[in-house]
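Colleague:
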Amino acid sequence: MQALRALVTLLLGLAAMTANAAGVTTCPGRFPNPITDICWSCIMPISLGGGTLASIGGQEDIGNPGSPICSCGVNPTIGLSIGFWEPARQVEVVRRSFCLVSLGGVDLNPGIAAPDAGRHTDASGDQNSFYQAHFYVNPVLYWLQVVADFPCLERASFDLAYLTEVDPLWNDDELTLILNPEATLFANPVALAACAADCVAATAGFGRSELFWCAGCQGSLYPLDGHSIYHMGGVRTAELLMQRLTAKMHRELLAWGSHGSAGLCGPYFLPVMDKAAYKTQLTYPIPNTGKIAGRCCQPFGRTTVLWGAGKEYPVKGEDFAFMLFRKRNCCVGF
6 MQALRALVTL
16 LLGLAAMTAN
26 AAGVTTCPGR
36 FPNPITDICW
46 SCIMPISLGG
56 GTLASIGGQE
66 DIGNPGSPIC
76 SCGVNPTIGL
86 SIGFWEPARQ
96 VEVVRRSFCL
106 VSLGGVDLNP
116 GIAAPDAGRH
126 TDASGDQNSF
136 YQAHFYVNPV
146 LYWLQVVADF
156 PCLERASFDL
166 AYLTEVDPLW
176 NDDELTLILN
186 PEATLFANPV
196 ALAACAADCV
206 AATAGFGRSE
216 LFWCAGCQGS
226 LYPLDGHSIY
236 HMGGVRTAEL
246 LMQRLTAKMH
256 RELLAWGSHG
266 SAGLCGPYFL
276 PVMDKAAYKT
286 QLTYPIPNTG
296 KIAGRCCQPF
306 GRTTVLWGAG
316 KEYPVKGEDF
326 AFMLFRKRNC
336 CVGF
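Numbering (the working numbering), first residue to last: 6 to 339.
Quick look at the structure:
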């Protein structure tokens with residue numbers, strides 16, 4: 006534990022020095038402290054086959070392969086079917102282009118023109134908004150060595166994987182149709198009304214995977230860009246754009262599936278994101294470590310009314326970072 010605290014202190018110090026050099030007055034942020042800013046109970050339930058091995062506070066889960074015994078053809082393996090929620094990705098939604106909130110407020114701007122966030126009121130009186138977003142690879146369980154020699158953890162280092170500032174599709178509703186042409190099928194009142202059912206399902210448990218065009222209580226998942234036509238608070242909008250960026254990573258095959266029977270032997274292509282395979286926790290500006298009904302992680306699409314209250318404040322509290330816990334099923338060989 007002392008070594009872990011020393012590592013955290015070193016990382017925070019390096020991030021703070023870099024941020025000071027870059028000018029944190031216009032780019033606030035904080036490297037997430039794995040001891041105080043991450044809700045570790047979110048990795049549960051831990052399952053063996055269809056049964057639960059460990060859970061604290063009645064953590065929510067989706068279905069697991071029913072048999073506790075599994076086998077894999079590649080590198081022939083016979084073992085146990087284990088399920089858990091792995092904290093492996095991180096998404097931040099920011100106002101200033103190239104501002105890396107999760108690295109302590111580093112300004113990474115290389116001189117490339119990219120739009121900053123903005124809000125405006127349209128002719129109908131609705132407030133619209135736009136944000137940039139960043140996608141990180143952050144397999145925190147692996148690089149902290151919390152569990153030694155566990156083959157189910159992704160063996161990777163911390164990495165900034167995607168910046169929307171260099172993606173022309175993120176700032177253009179029409180251009181992004183190249184990536185999601187099916188969005189035109191769901192741009193109608195009937196399809197949008199169906200998202201009310203997804204909101205109810207996500208608030209009670211997990212969103213409905215068959216309603217893949219919905220982002221639960223946050224509205225429509227399409228288009229997969231940084232524009233929100235209804236800005237109803239920073240937390241809600243950031244939650245929506247976090248889901249959109251994750252869906253965009255799946256569509257571009259930069260994020261894969263890792264759950265269910267198909268995931269027992271390794272990741273697989275999943276171009277249409279299964280939103281029920283993710284839980285999320287706010288880590289910045291105010292870490293959401295306070296539990297509601299025993300839980301501090303939220304499935305995609307859950308209403309922000311309860312857990313998002315008081316998490317936004319002026320100036321330095323208008324950028325947001327989320328830890329993503331993805332469902333992982335794995336065949337652990339004997």
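We put the CB at the ideal spot given by N, CA and C, even for glycine. In this text, all values refer to a predicted model and were calculated from it rather than measured experimentally.
#1: Is there a Cβ from chain C that is less than 8 Å from the Cβ of R213?
#2: Any idea if S134 is buried or exposed, counting beta-carbon neighbours within 10 angstroms, 16 or more meaning buried?
#3: Relative to the C-alpha of D230, which residue among T82, G54, V98 is closest?
#4: Below 6 Å CB to CB, which residues in the same chain sit around P290 once its five sequence neighbours on both sides are set aside?
#5: Residue range of the alpha helix (DSSP H) that L180 falls in?
#6: Is it buried or exposed for P37, if we count other Cβ within 10 angstroms and need 16 for buried?
#7: To which residues of the same chain is V337 closer than 7 Å at the C-beta, ignoring the five residues directly before and after it?
#8: In terms of residue numbering, what span does the alpha helix (DSSP H) encompassing Y147 cover?
#9: Starting from the N-terminal side, write out each stretch of the beta strand (DSSP E) that is 3 residues or longer and does not extend beyond the region 89-145.
#10: Could you pull the DSSP bridge partners for Q340 from this structure?
#11: In chain order, what residues of the same chain have a beta carbon less than 7 Å from the beta carbon of L58, not counting five sequence neighbours either side?
#12: For the alpha helix (DSSP H) containing A252, list its first residue and its last residue.
#13: From A161 to G268, what does the alpha carbon distance come to, in whole angstroms?
#14: Excluding five sequence neighbours on each side, which residues of the same chain lie with their C-beta closer than 7 Å to the C-beta of P272?
#15: When the Cα atoms are used, what is the spatial distance from T308 to A220?
#16: For A326 and P292, what's the separation of their Cα atoms in angstroms?
#17: Helix, strand or coil: how does DSSP classify I48 here?
#18: I'd like to confirm the pairing. Which residues does DSSP put opposite S266 in its beta bridges?
#19: What is the DSSP secondary structure of K280, reduced to helix, strand or coil?
#20: Can you give the beta carbon distance from F140 to V96, rounded, assuming they're within the 8 Å contact cut?
#21: For L329, tell me which candidate among T242, L311, K280 has the shortest Cα-Cα distance.
#22: With DSSP as the reference, label C157 as helix, strand or coil.
#23: In terms of DSSP beta bridges, what is T57 paired with?
#24: Any idea what DSSP makes of C335, helix, strand or coil?
#25: Relative to the C-alpha of P3, which residue among G315, C104, R331 is closest?
#26: For H125 and R249, what's the separation of their Cα atoms in angstroms?
#27: What do you get for A198, buried or exposed, if any count of 16 or more other CB atoms within 10 angstroms of its CB means buried?
#28: Can you tell me which residues form a DSSP beta bridge with L165?
#29: In this structure, how does DSSP classify C200 when only helix, strand and coil are distinguished?
#30: Taking the alpha carbon of C32 as the reference point, which residue from S266, G63, R100 has its own alpha carbon closest?
#31: Under a three-way DSSP split, which group does G231 fall into?
#32: If you count every other CB in all the chains shown that lies within 10 Å of the CB of G224, and 16 or more means buried, which is it?
#33: Per DSSP, which residues does C75 bridge with? Please list them.
#34: F191 by DSSP, collapsed to three states: which one?
#35: Helix, strand or coil for G28? Go by DSSP, reduced to three states.
#36: Based on Cα-Cα distance, which residue from C200, A252, F103 lies nearest to L216?
Modeller: So, from the listed chains and residues:
#1: Chain labels in this structure do not include chain C; a single protein chain is all it has.
#2: Result: buried.
#3: It is V98 whose Cα lies nearest to the Cα of D230.
#4: If we look at P290 and ignore the five residues flanking it on each side, its Cβ neighbours are G322.
#5: Here L180 belongs to no alpha helix (DSSP H), and DSSP marks it neither H nor E.
#6: With at least 16 other beta carbons inside 10 angstroms of its own, P37 counts as buried.
#7: Excluding sequence neighbours, V337 sits near G84, L85, I87, P156, C157.
#8: Counting along the chain, the unbroken alpha helix (DSSP H) around Y147 starts and ends at 145-148.
#9: As far as the region 89-145 is concerned, its whole beta strand (DSSP E) runs of at least 3 residues are 123-126, 132-135, 137-142.
#10: For residue 340 there is no data in the structure shown, the boundaries of the chain being 6 and 339.
#11: Closer than 7 Å at Cβ, skipping near neighbours: I51, S52.
#12: Its alpha helix (DSSP H) spans residues 239-256.
#13: Rounded to whole angstroms, A161 to G268 spans 18 Å at the Cα level.
#14: The beta carbon of P272 sits closer than 7 Å to those of W261, G262, S263, all from its chain and outside the five residues before and after it, given in chain order.
#15: Roughly 10 Å between the two C-alpha positions.
#16: Answer to the nearest angstrom: the Cα atoms are 9 Å apart.
#17: The answer is helix: DSSP assigns I48 an H, G or I state.
#18: According to DSSP, S266 bridges with nothing at all.
#19: In the structure shown, K280 sits in a helix (DSSP, three-state: H, G or I).
#20: Between F140 and V96 a beta carbon distance of about 6 Å is seen, short of the 8 Å cut, so the two are scored as contacting.
#21: Relative to L329, the option among T242, L311, K280 whose CA is nearest is K280.
#22: Reduced to three states, the DSSP call for C157 is coil.
#23: Beta-bridge pairing links T57 to S52.
#24: Collapsing the DSSP output to three states places C335 in a strand.
#25: Because the chain is modelled from 6 through 339, residue 3 falls outside the range shown and cannot be assessed.
#26: Cα to Cα, the separation comes out at about 21 Å.
#27: Taking all protein chains in view, the Cβ of A198 is surrounded by fewer than 16 other Cβ atoms within 10 Å, so the residue is classified as exposed.
#28: Paired residue(s): Y141.
#29: The answer is helix: DSSP assigns C200 an H, G or I state.
#30: For C32, the closest alpha carbon among the candidates S266, G63, R100 is that of R100.
#31: It is coil, neither helix nor strand.
#32: G224 counts as buried, since no fewer than 16 other beta carbons sit within 10 angstroms of its beta carbon.
#33: Paired residues: G84.
#34: Reduced to three states, the DSSP call for F191 is helix.
#35: Residue confidence for G28 is low, a pLDDT of 34 falling below 50, so the modelled location carries little weight and cannot support an answer.
#36: Nearest of C200, A252, F103 to L216, Cα basis: C200.
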